Amino acid sequence: MGSLEHYAREKLRDLEQSGLRRELVATDRFAATLARRGERELVSFCCNDYLNLSHHPEVVAAALEATRRYGAGSGASRLVTGNHPLYAELERRLAGFKGTEAALVFGAGYLANLGIIPALVGPGDLIVADELCHACLLGGARLSRSTVRVFAHNSLDHCRDLLRAERDRHRHCLLLTDGVFSMDGDRAPVAELAALAQQHSAWLLVDDAHGLGVVEGGRGSCVRDGRELAVPLQMGTLSKALGSYGGYLCAARPVIELLVSRARTLVYSTGLPPASVAAALAALRIVERDRERVSLPRRRAALFCELLGLDEPAACIVPLVLGDASLALQASRDLEQQGFLVTAIRPPTVPPGTARLRFTFTAAHGEPEVRRLAAAVRPWRERCAA
Ligand SMILES: *Cc1c(COP(=O)(O)O)cnc(C)c1O
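If you read the sequence shown in numbering that gives the first Met the number 0, its first letter stands for residue 0, the second for the next number, and so on.
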């Protein structure tokens, strides 16, 4: 009996020693930018609520109204009685926004990928993925029991080599990438990957958790110069720029219909609370009409990068790689002392030796706050430039 607790304590001690122990900290969040921890008020630069829609009056009102009308929970899987009418409206709107035939909402972005990938490919099939793909894409890939090959980050050449070497020996092939990489903030060459996928009869899945509402006027990573790219599987989350909770896939109607029958995370998991669906729907309406709001996160990120001499950001995530996990923790504590909440990102979220501060910018940050942050970060910036 005692050995389980003993095992856990030993493991925790190892994590502690390598600076990799993680702890939950109670945080009151009043907006995308305002957090309180204990007595301390902090300006947050580590929230994915890019457009501050989680606290938008229209979004909050929609969530309240849906709760009154349909209840706090959905009561069952969507295939049983959990499919309240708000789902159809949100899915219609998501598909319209992305320019696909249909859409399907899942319990979370993570659950979407764990459901989609094993429903489409299996043993005997091939998955080719960017090495920095989000954990849930790689998790879905593993669950599918397909052959998985990983290409060097954003390397079209390496991706092409893998497809040339392996594609013919497998039945189906899925190509996986993030649209905007969550810990590096750069964008995938989606148009070029789409072309490669077509040449090699592979199906491209783009996870656009950090692109929707942020890049290409809010339309996300599967658009370039205003035109929709040929990406058959456009996945994302309702939990970041849309300020709510849930995941989605936009795709052709037969693909969506297949997943309704086959995606295990949809079939065997309870539908989202009505409030989450209603909030996402209200948020999407705001993204569609409020161009000014959509442009702000990137402008704030660009100002920060300009002040510190960093490369121009592709979206609104800016990493400052410090290397050692303990150093990243120290930097994060230093910024907290100065009133800024910036979480240290450590392995295994990022590769060993690349622990970092990850700054995210939102429509709710003012220019003066960004300038103050840049001043506080400058010594750390100089340290990693040296
Ligand atoms: C956050 C994130 C997810 C998971 O989405 P949730 O809705 O939070 O479960 C998936 N992919 C990427 C790239 C993400 O950043």
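Note that beta-carbon positions come from the ideal geometry of N, C-alpha and C, so glycine has one too.
Because the structure is a prediction, the values reported are computed rather than measured.
Short of 6 Å in beta carbon distance, which residues of its chain neighbour residue i, apart from the five on each side in sequence? Order them along the chain.
{"i": "G123", "result": "R170"}
{"i": "A194", "result": "none"}
{"i": "D27", "result": "R35"}
{"i": "S43", "result": "T32, A34, L340"}
{"i": "R299", "result": "F360, H364, V369"}
{"i": "G108", "result": "A208, T236, G246"}
{"i": "A102", "result": "E90, L93, A94, Y247, C249"}
{"i": "R292", "result": "L50, A362"}
{"i": "P378", "result": "none"}
Just tell me which of the options has its CA closest to the CA of residue i.
{"i": "D207", "options": "C158, L136, R357", "result": "L136"}
{"i": "Q213", "options": "D323, Y244, A102, N47", "result": "Note that residue 213 is Val in the sequence shown, not Gln. Looking at the Cα atoms, N47 is the closest of the given residues."}
{"i": "S181", "options": "P318, A250, H54", "result": "P318"}
{"i": "G246", "options": "G219, G98, A111", "result": "A111"}
{"i": "C132", "options": "D185, R226, A60, V120", "result": "D185"}
{"i": "S325", "options": "T342, D129, L309, E130", "result": "T342"}
{"i": "Y267", "options": "E64, G338, V79", "result": "V79"}
{"i": "K97", "options": "R223, T32, K10", "result": "R223"}
{"i": "E100", "options": "I316, Q329, A250", "result": "A250"}
{"i": "A262", "options": "S154, L119, A60", "result": "L119"}
{"i": "R141", "options": "R159, I126, S154", "result": "I126"}
{"i": "Q336", "options": "E38, R252, S294", "result": "E38"}
{"i": "G270", "options": "L11, P56, H55, H83", "result": "H83"}
Got a sec? Which residues, its chain only, sit under 7 Å from residue i by beta carbon, not counting five neighbours each side?
{"i": "D13", "result": "none"}
{"i": "L89", "result": "V104, V276, A279, L280"}
{"i": "L203", "result": "L174, L192, A193, A196, V230, P231, L232"}
{"i": "S331", "result": "V341, T342, A343, L356"}
{"i": "G338", "result": "L41, V42"}
{"i": "A190", "result": "R223, L228"}
{"i": "V149", "result": "A128, E130"}
{"i": "R345", "result": "G18, L19, A324, A327, A354"}
{"i": "V349", "result": "M182, R355"}
{"i": "R380", "result": "L307, L319"}
{"i": "G352", "result": "G322"}
Looking at the secondary structure, which residues open and close the alpha helix (DSSP H) in which residue i lies?
{"i": "D160", "result": "155-165"}
{"i": "R290", "result": "290-307"}
{"i": "L63", "result": "56-69"}
{"i": "G95", "result": "85-97"}
Can you determine whether any heavy atom of ligand 2 sits closer than 6 Å to the C-beta of residue i, and answer yes or no?
{"i": "T264", "result": "The model depicted lacks ligand 2 and carries ligand 1 instead."}
Note down, in chain order, each residue of its chain lying with its Cβ closer than 8 Å to the Cβ of residue i, except the 5 sequence neighbours on either side.
{"i": "A301", "result": "E311, P312"}
{"i": "G139", "result": "N112, L113, G114, I115, I116, P117"}
{"i": "E287", "result": "F96, G217"}
{"i": "R68", "result": "P273"}
{"i": "F29", "result": "R35, H54"}
{"i": "R252", "result": "E100, A101"}
{"i": "A382", "result": "Checking the sequence shown, residue 382 turns out to be Arg, not Ala. Here the set comprises L321."}
Are the Cβ atoms of residue i and residue j separated by less than 7 Å?
{"i": "G72", "j": "P272", "result": "yes"}
{"i": "Y86", "j": "V58", "result": "no"}
{"i": "I116", "j": "S76", "result": "no"}
{"i": "D129", "j": "H152", "result": "yes"}
{"i": "H209", "j": "A134", "result": "no"}
{"i": "A354", "j": "L321", "result": "yes"}
{"i": "V147", "j": "G178", "result": "no"}
{"i": "R166", "j": "C172", "result": "yes"}
{"i": "A362", "j": "L50", "result": "yes"}
{"i": "L307", "j": "A373", "result": "yes"}
{"i": "S282", "j": "L257", "result": "Inspection of the sequence shows that residue 282 is occupied by Ala rather than by Ser. No, they are not a contact pair."}
{"i": "G74", "j": "G81", "result": "yes"}
First and last residue of the beta strand (DSSP E) that includes residue i?
{"i": "E40", "result": "39-43"}
{"i": "R144", "result": "Neither: R144 is in no beta strand (DSSP E) and is coded neither H nor E."}
{"i": "L356", "result": "354-359"}
{"i": "R35", "result": "33-36"}
{"i": "Y109", "result": "Segment 108-119 is the alpha helix (DSSP H) holding Y109; no beta strand (DSSP E) there."}
{"i": "A52", "result": "Reading the sequence as shown, one finds Leu at residue 52 and not Ala. No beta strand (DSSP E) holds L52; DSSP gives it neither H nor E."}
{"i": "Y267", "result": "It is not in any beta strand (DSSP E) - Y267 carries neither H nor E in the DSSP assignment."}
Does the beta carbon of residue i come closer than 7 Å to any beta carbon on chain B?
{"i": "T264", "result": "Looking at the structure shown, chain B is missing, and only one protein chain is on hand."}
Hey, which residues come within less than 6 Å of ligand 1, measuring from Cβ to any heavy atom, in chain order? A107, G108, Y109, H133, C135, D177, S181, D206, A208, H209, T236, S238, G246
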